[in-house]
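Below is one structure, written out as structure tokens; the observations come after it.
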Amino acid sequence: MKQIVFALVIISLLSSMAFAQEISFGKPAIQTVKIEIDEKGNAHVTHIVEKSSSSQQLELISSNFTNLSVRDEKGGSAEYAETGGDKASLLILPSKNKVLVEYDLENVVTEKNGFWKWDYRYVASTSFFLPNSTDTVFVNSNPILLREVDGIRCHGCQVKLEYGMKSLEQTQKITWEGKIFDVIISTNGKISKVKLDQANKMLSLDVMEKDQYVTLVIPKELLWNPYEVFLNDKKIPTHEFYQTEDMVWLNFKTNSTGKVDIVGVSVVPEFPFAAVLVLGAAMIIAAKLSGKLSLH
1224 MKQIVFALVI ISLLSSMAFA QEISFGKPAI QTVKIEIDEK GNAHVTHIVE
1274 KSSSSQQLEL ISSNFTNLSV RDEKGGSAEY AETGGDKASL LILPSKNKVL
1324 VEYDLENVVT EKNGFWKWDY RYVASTSFFL PNSTDTVFVN SNPILLREVD
1374 GIRCHGCQVK LEYGMKSLEQ TQKITWEGKI FDVIISTNGK ISKVKLDQAN
1424 KMLSLDVMEK DQYVTLVIPK ELLWNPYEVF LNDKKIPTHE FYQTEDMVWL
1474 NFKTNSTGKV DIVGVSVVPE FPFAAVLVLG AAMIIAAKLS GKLSLH
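In the working numbering, the protein residues as written are 1224 to 1519.
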């Protein structure tokens, strides 16, 4: 009798092990993520899960989601199950096509004084598409101009995403000897009027708040780059992150209030812009001629 009971226990254990294998939550999903952010800080998320002959576990970015939709890439239905646990996740069952998992996150990006922030952490490669009124985005404090790109992409992905709308931009006019120069400024805090110190090849302004991003679009004819920036006479890090033939996009972040001095290599009309271009071309020609003469 004892042998029969023992045999039944063994069979029961084997059956439990087989059942546990059948309901396995599967391997982590092979995926990429696309996130579209609107002007109110809401995000529409799309997980693009690769096709697989086995089940895949997909963790959602947040448990506070709405309007969940799961379908295959051709518009058909896809089989899945919601799983329990501390974090919201889905079990995507085997599929011959890619599976698209979509949902909305409300107010996931927070706003203060017209500047928007999101500390984003997720393991999959993610593409962000920001509102059309966004000109510059900061990724871990590094500025990226969106003028020539549709969005940004991170691999990993742990980023501090910050951006402002074009409504933060202001244009200040600097007049020198009857000529007017437009300096475009974008900032998430208050600043004073920009002043030109022609004798010291410098633009100056006051920042009124801590942790303030300041981006200036400076005409090269007014102040030629490269620039050095000083906050209360102490040099601070800067980014000259974009430029055209006649304009430079300069960004810096202040950790305190005070006076900011932007120092260039030349200033109007000390070294006129046209003369710099002519001189640069002449130097290139002279260098080429010197190279040719040295061959003889």
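Where is the CB? At the ideal position from N, CA and C, for every residue including glycine.
Handout entry: Euclidean distance between Cα positions of Thr1269 and Val1483
Key = As a working mapping, residue 1269 is identified with position 46 in the sequence shown. As a working mapping, residue 1483 is identified with position 260 in the sequence shown. Spanning the two alpha carbons is a distance of roughly 43 Å.
Exercise for the section: Determine the direct distance from the alpha carbon of Ser1479 to that of Ile1367, and round the result to whole angstroms. Expected result: Indexing the sequence shown from 1 puts residue 1367 at position 144. Indexing the sequence shown from 1 puts residue 1479 at position 256. Near 23 Å, if we compare the C-alpha coordinates of Ser1479 and Ile1367.
Exercise for the section: Can you check DSSP and say which residues form a bridge with Val1430? Expected result: Taking the sequence shown and counting its residues from 1, one reaches residue 1430 at position 207. Val1430 is bridged to Ile1414 and Gly1481.
Handout entry: Cβ-based neighbour list, Cys1380, same chain, cut-off 6 Å, excluding 5 preceding and 5 following
Key = Reading the sequence shown from its first residue, position 157 is the one you call residue 1380. Only residues of its own chain outside the window of five on either side were considered, and among them Tyr1345 and Thr1349 have a CB closer than 6 Å to the CB of Cys1380, listed in chain order.
Exercise for the section: Inspect the beta-carbon positions of Tyr1326 and His1378 and report whether they are closer than 9 Å. Expected result: Within the sequence shown, the letter at position 103 stands for residue 1326. Within the sequence shown, the letter at position 155 stands for residue 1378. Contact flag unset, no.
Practice task
Go ahead and label Asp1309 buried or exposed: buried means 16 or more other beta carbons lie within 10 angstroms of its beta carbon, across all protein chains shown.
Solution key: Mapped onto the sequence shown, residue 1309 falls at position 86. Under the 10 Å beta carbon count, Asp1309 is surrounded by fewer than 16 other beta carbons and is classified as exposed.
Handout entry: Cβ-Cβ separation, Thr1438 to Ser1409 (assumed contact under 8 Å), whole Å
Key = Taking the first residue of the sequence shown as position 1, residue 1409 is located at position 186. Taking the first residue of the sequence shown as position 1, residue 1438 is located at position 215. For a cut-off of 8 Å, the C-beta gap from Ser1409 to Thr1438 is around 5 Å, short enough to register as a contact.
Problem - Cβ-Cβ separation, Tyr1343 to Val1406 (assumed contact under 8 Å), whole Å - result: One-based indexing of the sequence shown puts residue 1406 at position 183. One-based indexing of the sequence shown puts residue 1343 at position 120. About 32 Å separates the two Cβ atoms, so there is no contact after all.
Problem - the segment 1461-1478 touching the segment 1439-1451, judged by at least three CB pairs closer than 8 Å - result: Between the segment 1461-1478 and the segment 1439-1451 there are three or more C-beta pairs closer than 8 Å, enough to call the two in contact.
Practice task
Determine the direct distance from the alpha carbon of Leu1323 to that of Glu1302, and round the result to whole angstroms.
Solution key: Along the sequence shown, read from residue 1 onward, the residue named residue 1302 stands at position 79. Along the sequence shown, read from residue 1 onward, the residue named residue 1323 stands at position 100. Each residue's Cα considered, the two are about 11 Å apart.
Handout entry: Cβ neighbours of Glu1400 in the same chain (closer than 6 Å, five flanking residues each side left out)
Key = In the sequence shown, counting from the first residue as 1, residue 1400 sits at position 177. Hits under 6 Å: none found.
Handout entry: Anticipated Cβ contact below 8 Å, Glu1273 with Lys1321, distance rounded
Key = Mapped onto the sequence shown, residue 1273 falls at position 50. Mapped onto the sequence shown, residue 1321 falls at position 98. Sure, about 6 Å apart at Cβ, within 8 Å.
Practice task
Inspect the beta-carbon positions of Ile1375 and Phe1338 and report whether they are closer than 9 Å.
Solution key: By one-based count along the sequence shown, residue 1375 stands at place 152. By one-based count along the sequence shown, residue 1338 stands at place 115. No, these two residues do not count as a Cβ contact at 9 Å.
Problem - Distance between Ser1286 and Thr1461 (C-alpha atoms, nearest Å) - result: In the sequence shown, counting from the first residue as 1, residue 1461 sits at position 238. In the sequence shown, counting from the first residue as 1, residue 1286 sits at position 63. Spanning the alpha carbons of Thr1461 and Ser1286 requires a straight line of approximately 38 Å.
Exercise for the section: Quick one: residues in its chain with C-beta nearer than 8 Å to the C-beta of Glu1392, no 5 flanking neighbours on either side, listed in chain order? Expected result: For the purposes of this step, residue 1392 is taken as residue 169 along the sequence shown, with counting starting at 1. Around Glu1392: Asp1358, Ile1407, Ile1408 and Ser1409.
Practice task
Work out the CA separation of Leu1314 and Val1306 for me, nearest whole Å.
Solution key: Reading the sequence shown from its first residue, position 83 is the one you call residue 1306. Reading the sequence shown from its first residue, position 91 is the one you call residue 1314. The identity of residue 1306 in the sequence shown is Thr, whereas the question assumes Val. When rounded, the separation of the alpha-carbon atoms in Thr1306 and Leu1314 is 7 Å.
Problem - Spatial distance of Ser1318 from Ser1277 (CA atoms) - result: Residue 1318 sits at position 95 when you count from the first residue of the sequence shown. Residue 1277 sits at position 54 when you count from the first residue of the sequence shown. C-alpha separation (whole angstroms): 8 Å.
Handout entry: Sequence-distant residues of its chain with Cβ nearer than 7 Å to Thr1255 (five each side left out)
Key = Residue numbering aside, residue 1255 sits at position 32 when the sequence shown is read from its first letter. So the list reads Ile1271, Ala1347 and Ser1348, once near-sequence residues are dropped.
Exercise for the section: Could you say which of Ala1304, Pro1442 and Asn1474 lies nearest to Leu1291 if we only look at CA atoms? Expected result: Stepping through the sequence shown from its first residue, residue 1291 is reached at position 68. Closest by alpha carbon: Ala1304.
Practice task
Using beta-carbon positions only, say whether Ile1397 and Leu1419 come within less than 9 Å of one another.
Solution key: Along the sequence shown, read from residue 1 onward, the residue named residue 1397 stands at position 174. Along the sequence shown, read from residue 1 onward, the residue named residue 1419 stands at position 196. Yes, the Cβ-Cβ distance between Ile1397 and Leu1419 is below 9 Å.
Exercise for the section: Identify which residue in Thr1289, Phe1288 and Leu1316 has its Cα closest to the Cα of Ser1300. Expected result: Numbered from its first residue, the sequence shown carries residue 1300 at position 77. When each option's Cα is compared against that of Ser1300, the closest is Leu1316.
Handout entry: Three-state secondary structure (DSSP) of Asn1474
Key = Translated into positions along the sequence shown, residue 1474 becomes position 251. Correct three-state label for Asn1474: strand.
Exercise for the section: Alpha carbon to alpha carbon, how far is Leu1328 from Asn1265? Give it in angstroms, no decimals. Expected result: Counted from its first residue, the sequence shown places residue 1265 at position 42. Counted from its first residue, the sequence shown places residue 1328 at position 105. For Asn1265 and Leu1328, the distance between alpha carbons rounds to 6 Å.
Problem - Closest Cα partner of Ser1390 within the set Asn1411, Ile1403, Glu1371 and Phe1361 - result: For this step, residue 1390 is matched to residue 167 along the sequence shown. Selected option, being the one with the closest Cα: Asn1411.
Handout entry: Heavy atom of the ligand FAD within 8 Å of Leu1473 beta-carbon
Key = The ligand FAD is absent from the structure shown, which contains no ligands of any kind.
Exercise for the section: Kindly list the residues whose CB is nearer than 7 Å to the CB of Val1430, restricted to its own chain and excluding five residues on each side of it in sequence; keep chain order. Expected result: Taking the sequence shown and counting its residues from 1, one reaches residue 1430 at position 207. Non-local C-beta neighbours of Val1430 in its own chain, meaning closer than 7 Å and more than five positions away in sequence, comprise Gly1412, Ile1414, Val1437, Thr1477, Thr1480, Gly1481 and Val1483, ordered along the chain.
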